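K.L.:
Would you mind keeping the following structure in view while I ask a few things?
Residue numbers (my numbering): 37 to 624.
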């Protein structure tokens, strides 16, 4: 499954819409060829057709959390996505670009669109319902449900009020700012706030026409003269966050004129959106987070300290809008690219019910991708003693893990170079020897009967194979034995060491069996007697000849099939000391 993961600041962020998508206009022949494309077949689509032909502008969810609305352009359109079916429910083309829109009902049935041509379009379940215009170009939209008032702010020093219950415009609210860039309504007590073009934050009680509070929020945040571009109240109704054109986010208590926290995005671009998040594995009433975004990056940071928790940076396009699923770790982004992106941060909260499979996918990825320390090497306590690093126990240079420690590769290399200055030369000589041995094996040469490594073990295996073959001949009746004599002779002559799975045991010196070791004697109490039998076996069936006589003349010319010998084995033996070559002879 195509699911990219990053871990900025140590927090895992899963990009759940990173796979490539197939446009609807693609040719049928191209569709067939994609059936063999592994990356396309393993892609993950959170919602089918989750995007637009050119770019997406705004994205919102309905209050019942069953639908997602998104607007885009080229052509100007709005799409509704049904989360129960994980697909697009419908798409409607519009006459103008959507600046902002607002969901007026609990479900998808009623919407209001603020367009770039100063018009406000109302849509119902069946389609477009009504259209009206405002005197000035609008920049933001708000809806106050208790009085059914639609509030529009824009390039005018006033707030337009459209009462949907009475079907008429109400008297506008005058503002001190020459224009208003953003607005917001507190869900707790209904206070309306306007973010002015001159950096002024002005609050209104919608039951009266005059402002109840005024604050130069930009100057208090250390950015005098900058515009306010984003605004958001928290659910408690005591705090409000504003964003400026130079990338600052300031959090205010409504009872104070000084900001509690100031966060700098460090990009110098205007703040696009601000969201409060108060759910997560380690969140509490005093440990909440703010998700703020500019056109480059989305930052998640602590409300109290302003410390960065994690960040999300889309791979393509500027960020236009951000939607955070309530009580969840799902973040959806509308940006200047055909695909709208989705990110899942498990530490912020669980996956929504309609995409609960994300939990299983992230858990599988966590199990399948264990932590790899590229810059560290695992060592045991014995290795520390050998390297002379015992004095580092208890310090930050050693990280305890299981039955050993992780140590930095650079420190390990220095310690090893001090303890064994000729380690590289030894390693180089071993590689040269191994390379020469591989080239020697490629030449045409006489095959030896016994390997150079574990010679005695190989001799015992060959003898046991010969004894088993002889016992099989004794158990079979004479007619059957005569009929299958050739097969049994071939089986008896077959090399029991020919299994490639155990080839390294008789080729690599690192696998040599040390019969003089204490561990070997503990596992084999009869090792002394077996050693004597093995020596007798080698003396009885093999004799040592000079290495110069290792040619065709050293082969036995006897063709006696009844002789109990090992002269038809596949390999010619060599003694452990390397002084000569062992050539077998028929016993007796």
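We treat Cβ as the ideally placed atom computed from N, Cα and C, and that holds for glycine. Just so we're clear, the structure is a prediction, and the values are computed from it rather than from any experiment.
(1) Whole angstroms are fine: how far does the CA of residue 40 sit from the CA of residue 47?
(2) Would a C-beta distance cut-off of 8 Å place residue 224 and residue 153 closer than the cut-off?
(3) Around the Cβ of residue 560, are there at least 16 other Cβ atoms within 10 angstroms (buried) or fewer (exposed)?
(4) What residue range is occupied by the uninterrupted alpha helix (DSSP H) comprising residue 256?
(5) Does the contact criterion of 3 or more C-beta pairs under 8 Å hold for the segment 409-422 versus the segment 381-394?
(6) Is it true that the segment 250-263 meets the segment 162-179, where meeting means three or more beta-carbon pairs spaced less than 8 Å apart?
(7) Under the DSSP definition of a beta bridge, which residues are partnered with residue 52?
(8) Taking 8 Å as the CB-CB limit, is residue 134 close to chain B?
(9) Once DSSP output is grouped into helix, strand and coil, what is the label at residue 368?
(10) Checking the sheet assignment: what are the DSSP bridge partners for residue 311?
(11) Classify residue 151 as helix, strand or coil using the three-state DSSP reduction.
(12) What does the alpha-carbon distance come out to for the pair residue 304 and residue 359?
(13) Keeping to the same chain, check which residues put their C-beta closer than 6 Å to that of residue 117; ignore five residues upstream and five downstream.
(14) So, are the CB atoms of residue 53 and residue 365 less than 8 Å apart?
(15) Give the range of the alpha helix (DSSP H) segment to which residue 455 is assigned.
(16) Near residue 385, what residues of its chain come up, given a Cβ to Cβ distance below 7 Å and the 5 sequence neighbours on each side ignored?
(17) Residue 136 and residue 176 look like a contact to me (Cβ under 8 Å); what is the Cβ gap, rounded to whole Å?
(18) Assuming residue 298 and residue 328 form a contact by the criterion Cβ under 8 Å, report the distance between their Cβ atoms to the nearest whole angstrom.
(19) Between the Cα of residue 43 and the Cα atoms of 354, 150, 345, which residue gives the shortest distance?
(20) Quick one: what does DSSP say residue 373 is sitting in, helix, strand or coil?
(21) Less than 8 Å between C-beta atoms, sequence neighbours within five positions excluded: which residues of the same chain meet that for residue 302?
(22) Please report the distance separating the alpha-carbon of residue 139 from that of residue 106.
(23) Once DSSP output is grouped into helix, strand and coil, what is the label at residue 294?
(24) Just the Cα atoms here: how many angstroms apart are residue 630 and residue 274?
(25) Count the other C-beta atoms from every protein chain shown that fall within 10 angstroms of the C-beta of residue 268, then say buried if there are 16 or more, exposed otherwise.
(26) Can you list, in chain order, the stretches of the beta strand (DSSP E) that have 3 or more residues and sit fully within the segment 149-213?
(27) Spell out the partners DSSP gives residue 234 in its beta bridges.
(28) Excluding the 5 residues preceding and the 5 following residue 349 in the sequence, name in chain order all residues of the same chain whose CB lies nearer than 6 Å to its CB.
(29) From residue 580 to residue 499, what does the alpha carbon distance come to, in whole angstroms?
(30) Pull up the distance between the alpha-carbon of residue 237 and that of residue 296, whole angstroms please.
(31) Just to confirm my understanding: we take residue 521, look at its own chain, exclude 5 residues before and 5 after, and list those with CB closer than 6 Å. What are they?
(32) Expressed to the nearest angstrom, what Euclidean distance is found between the alpha-carbon atoms of residue 245 and residue 209?
(33) Hey, how far is the Cα of residue 110 from the Cα of residue 89?
(34) Please list, in chain order, all residues of the same chain as residue 45 whose beta carbon is under 8 Å from its beta carbon, the five residues on each side excluded.
P.N.:
Judging by the given coordinates:
(1) If you draw a straight line from the Cα of residue 47 to the Cα of residue 40, it comes to about 14 Å.
(2) no
(3) exposed
(4) 253-256
(5) no
(6) no
(7) Per DSSP, none; premise fails for residue 52.
(8) In the displayed structure, chain B is absent; only one protein chain is listed.
(9) strand
(10) 327
(11) strand
(12) 22 Å
(13) 83, 104, 124
(14) no
(15) Counting along the chain, the alpha helix (DSSP H) containing residue 455 begins and ends at 445-455.
(16) 315, 316, 363, 364, 365
(17) 6 Å
(18) 12 Å between Cβ atoms; not a contact.
(19) 345
(20) coil
(21) 283
(22) Rounded to whole angstroms, the gap between the alpha carbons of residue 139 and residue 106 is 11 Å.
(23) coil
(24) The requested residue 630 does not occur in the structure, where the chain is confined to residues 37 to 624.
(25) By the 16-neighbour rule on beta-carbons within 10 angstroms, residue 268 is buried.
(26) 155-160, 163-169, 174-180, 185-190, 194-199, 204-210
(27) Per DSSP, none; premise fails for residue 234.
(28) 333
(29) Below a pLDDT of 50, predicted positions are generally treated as unreliable, and residue 580, at 44, falls in that range; the measurement from the model is reported next regardless. Residue 580 and residue 499: Cα-Cα distance of roughly 18 Å.
(30) 16 Å
(31) With a pLDDT of only 47 at residue 521, under the threshold of 50, the placement of this residue in the model should not be trusted; the figure read from the coordinates follows. If we look at residue 521 and ignore the five residues flanking it on each side, it has no Cβ neighbours.
(32) 6 Å
(33) 7 Å
(34) 344, 345, 346, 347
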